[in-house]
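Chemist: So that we are looking at the same thing, I have put the structure below in structure tokens.
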Amino acid sequence: MIEKVKVNLLFNYLEELTRKYEETFELKERLLKELKEKAMYDSLTGTYNRHILLDFLEKELKRLERTKKGKIYFVFMDLDKFKLVNDVYGHKKGDEVLKKVAKIIKDSFREYDIVSRFGGDEFVVVVKDDSGKSLNSILQRIKEKIESAFSSYGISISYGVAVAPDEGLNSNTLLQLADKRMYEMKKKKRRENEEKNL
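Using UniProt numbering, the first residue of the sequence shown is number 1, and each one after it goes up by one.
Next up, the structure:
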């Protein structure tokens, strides 16, 4: 009888240990998944973060240099008049705008194109092997959707594009070129607005 009680106690103890081990393992797996997501994605917009973007760019540019096939389009985007939303309506409203803008951008591209939040109200999209013609129409549609969605705030988007390998194979150079072109678009829009208001 005593032996049977000891066996039952031991069995119950082992069952409890197994259950705790499984709970600990499940918790560890869940935490690892959360850490991986935080390491890859921007927590506000759900787009890839800057680190993942830059890592992807380096790999793709090396592939392009090695194979000499295809093109990669770098699209640098920045919201116009976004600062006013934060200043006038607060950061909570600004965050809502950024989430909606990110969704518009993500929904406009293919699943395998890389959409990332570069920082603040800047987004970078990496498009592989596009003819360039459809990219221009996609960017125009994004601009129209954003202007329509946020017309009450006067928000728009400016963008610039750089192309690898045509304009180089260095990610920093290409990003700077796309950024420069984006600022040229911003300046042009400001001039046009000033001329309209004369």
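C-beta atoms are modelled at their ideal positions from N, C-alpha and C, and glycine is treated no differently.
These numbers come from a predicted model, not from an experiment.
Would you give the residue range spanned by the alpha helix (DSSP H) that residue 171 belongs to?
Modeler: Element bounds for residue 171: 171-196.
Chemist: May I ask you to report which of helix, strand or coil DSSP gives residue 89?
Modeler: Reduced to three states, the DSSP call for residue 89 is helix.
Chemist: Take every Cβ of the stretch 112-121, pair it with every Cβ of the stretch 162-174, and state whether three or more of those distances are shorter than 8 Å.
Modeler: Contact fails: fewer than three Cβ-Cβ distances are below 8 Å.
Chemist: Look up residue 77 in the DSSP assignment and give the residues it is bridged to.
Modeler: In the DSSP output, where bridge partners are listed per residue, residue 77 has 123 and 159.
Chemist: Does the stretch 75-82 come close enough to the stretch 181-190 to have 3 or more Cβ pairs within less than 8 Å?
Modeler: Yes: at least three Cβ pairs fall under 8 Å.
Chemist: Along the chain, where does the alpha helix (DSSP H) that runs through residue 150 open and close?
Modeler: Residue 150 -> no alpha helix (DSSP H), and no H or E assigned at all.
Chemist: Per DSSP, what kind of secondary structure is residue 48 in: helix, strand or coil?
Modeler: In the structure shown, residue 48 sits in a strand (DSSP, three-state: E or B).
Chemist: Contact between the stretch 36-56 and the stretch 80-99 is defined here as three or more beta-carbon pairs at a separation below 8 Å; is this criterion met?
Modeler: Judged by Cβ distances under 8 Å, the stretch 36-56 makes contact with the stretch 80-99, as three or more pairs qualify.
Chemist: Output the distance between the C-alpha atoms of residue 138 and residue 175, rounded to the nearest integer angstrom.
Modeler: Roughly 19 Å between the two C-alpha positions.
Chemist: So, for residue 135: in the same chain, excluding its five sequence neighbours on each side, which residues have a beta-carbon less than 8 Å away from its beta-carbon?
Modeler: 73, 75, 127 and 161.
Chemist: Confirm, please, whether the CB-CB distance from residue 114 to residue 145 is below 8 Å.
Modeler: In this structure, residue 114 does not lie closer than 8 Å to residue 145 by Cβ.
Chemist: Which residue from 13, 178, 129 and 197 puts its Cα closest to that of residue 109?
Modeler: With distances taken between Cα atoms, residue 109 lies closest to 129.
Chemist: Taking the alpha-carbon of residue 56 as reference, which of 172, 22 and 106 has the nearest alpha-carbon?
Modeler: Per the Cα distances, 172.
Chemist: Give me the Cα-Cα distance between residue 147 and residue 140, rounded to the nearest whole angstrom.
Modeler: The straight-line gap from Cα to Cα measures roughly 11 Å.
Chemist: Give me the residue from 182, 24, 89 and 178 with the minimum Cα distance to residue 152.
Modeler: When each option's Cα is compared against that of residue 152, the closest is 89.
Chemist: May I ask you to report which of helix, strand or coil DSSP gives residue 112?
Modeler: Looking at residue 112 - three-state DSSP - the assignment turns out to be coil, as it is neither helix nor strand.
Chemist: Report the option in 12, 167 and 154 whose CA atom is closest to the CA atom of residue 86.
Modeler: Ranking the options by Cα distance to residue 86, first place goes to 154.
Chemist: DSSP has residue 41 in a bridge; who is on the other side?
Modeler: For residue 41, which the question treats as bridged, DSSP gives the partners 48.
Chemist: Thinking C-beta only, is residue 53 closer than 8 Å to residue 124?
Modeler: Yes, the pair counts as a contact, with Cβ atoms nearer than the cut-off.
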